[in-house]
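Asker: One structure coming up, written as structure tokens, with questions to follow.
Residue numbers (this note's numbering), protein chains in the order written: chain A, 1 to 101; chain B, 102 to 236.
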């Protein structure tokens with residue numbers, strides 16, 4: 001996973017599938033990165049590299065959204081595949097945060 | 102037509118590797134017409150197998166998860182069985198929680214939304230998917 005900070009916007013580029021075997025490590029990396037920075041307004045998750053997802057991965061995204069929104073920050077998903085966008089919409093997650101293809 | 106009949110070790114990585122092989126097989130053999138259906142099967146299999154590993158077998162390396170996939174007259178049948186105590190429905194799916202922000206309770210709702218019909222029998226779940234009704 002790579003991160004980029006620019007103009008108070010932190011972007012995480014996820015390069016591995018959002019599935020059960022990968023989530024624990026992702027969580028650690030993301031939490032460490034979020035604890036290191038102060039002055040950001042928005043967190044963006046770039047899902048360009050994700051082909052596979054499961055409910056552990058979805059729960060990770062939801063948990064992340066909750067933590068970030070509790071800090072008063074904006075949260076957005078970008079570059080998700082059409083299948084993943086559809087999955088998130090079926091789960092009505094688009095009611096909570098923006099999901100872009 | 103039998104597509105897969107296999108036992109899987111009780112860990113998430115084994116589930117991942119198994120699902121990749123199944124999806125690759127279905128894709129190469131052009132069994133389904135829509136790529137979206139392959140994605141749905143991918144998500145469904147991960148959901149059911151991960152739950153069998155976590156809640157059925159409780160990650161016990163001495164227990165296996167059994168998976169059989171058949172295709173007959175445009176109807177897919179997926180049978181997943183663990184070696185747990187049974188009643189897997191109650192163990193790992195909170196049916197009826199809906200699509201809220203609640204964590205780890207969405208699996209069965211999503212599978213239903215994807216068009217899979219399912220039936221539980223103790224520590225076994227049987228799912229059907231009709232290819233002629235691909236959504």
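Even for Gly, the Cβ is constructed at its ideal location relative to N, Cα and C.
Figure out for me which residue from 155(B), 179(B) and 213(B) has the closest Cα to the Cα of residue 186(B).
Answerer: Across the set 155(B), 179(B) and 213(B), the C-alpha of 155(B) shows the shortest separation from the C-alpha of residue 186(B).
Asker: Taking C-beta pairs closer than 8 Å, name the residues in chain A that residue 149(B) reaches, listed in chain order.
Answerer: Result: empty, since nearest Cβ-Cβ is about 10 Å, beyond 8 Å.
Asker: Looking at chain A, is there any beta carbon in it that lies within less than 9 Å of the beta carbon of residue 184(B)?
Answerer: Not an interface residue.
Asker: Out of 124(B), 107(B), 113(B) and 105(B), state which residue places its alpha-carbon closest to the alpha-carbon of residue 161(B).
Answerer: 113(B)
Asker: Spell out the partners DSSP gives residue 9(A) in its beta bridges.
Answerer: In the DSSP output, where bridge partners are listed per residue, residue 9(A) has 6(A) and 42(A).
Asker: Just to confirm before moving on: does the CB-CB distance between residue 42(A) and residue 15(A) stay below 9 Å?
Answerer: Not a contact, by the Cβ cut-off of 9 Å.
Asker: What residue range is occupied by the uninterrupted alpha helix (DSSP H) comprising residue 166(B)?
Answerer: Unbroken run through residue 166(B) is the beta strand (DSSP E), 165-173; no alpha helix (DSSP H).
Asker: What first and last residue would you give for the beta strand (DSSP E) that runs through residue 297(B)?
Answerer: Any property of residue 297(B) remains undetermined from this structure, which presents chain B solely from 102 to 236.
Asker: Using the C-alpha atoms, what's the distance from residue 1(A) back to residue 29(A)?
Answerer: 8 Å
Asker: Express the C-alpha separation of residue 142(B) and residue 215(B) in angstroms, rounding to a whole number.
Answerer: 9 Å
Asker: Could you check the C-alpha separation between residue 10(A) and residue 27(A) for me, to the nearest Å?
Answerer: 16 Å
Asker: Is any beta-carbon of chain A found at less than 9 Å from that of residue 116(B)?
Answerer: yes
Asker: If we call anything under 9 Å between Cβ atoms a contact, is residue 55(A) one with residue 228(B)?
Answerer: no
Asker: Taking the beta carbon of residue 224(B) as the centre, do at least 16 other beta carbons fall within 10 Å, making it buried, or is it exposed?
Answerer: buried
Asker: Comparing C-alpha positions only, which one of 65(A), 23(A), 34(A) and 72(A) sits nearest to residue 94(A)?
Answerer: 65(A)
Asker: With a threshold of 6 Å on Cβ separation, who are the neighbours of residue 3(A) within its own chain once the five nearest residues in sequence on each side are excluded?
Answerer: 12 and 33
Asker: Throw me the rounded Cβ distance for the residue 231(B) and residue 176(B) pair, which I believe falls under 8 Å.
Answerer: 5 Å
Asker: Listing by chain order, which chain A residues have their CB less than 7 Å from the CB of residue 143(B)?
Answerer: 52
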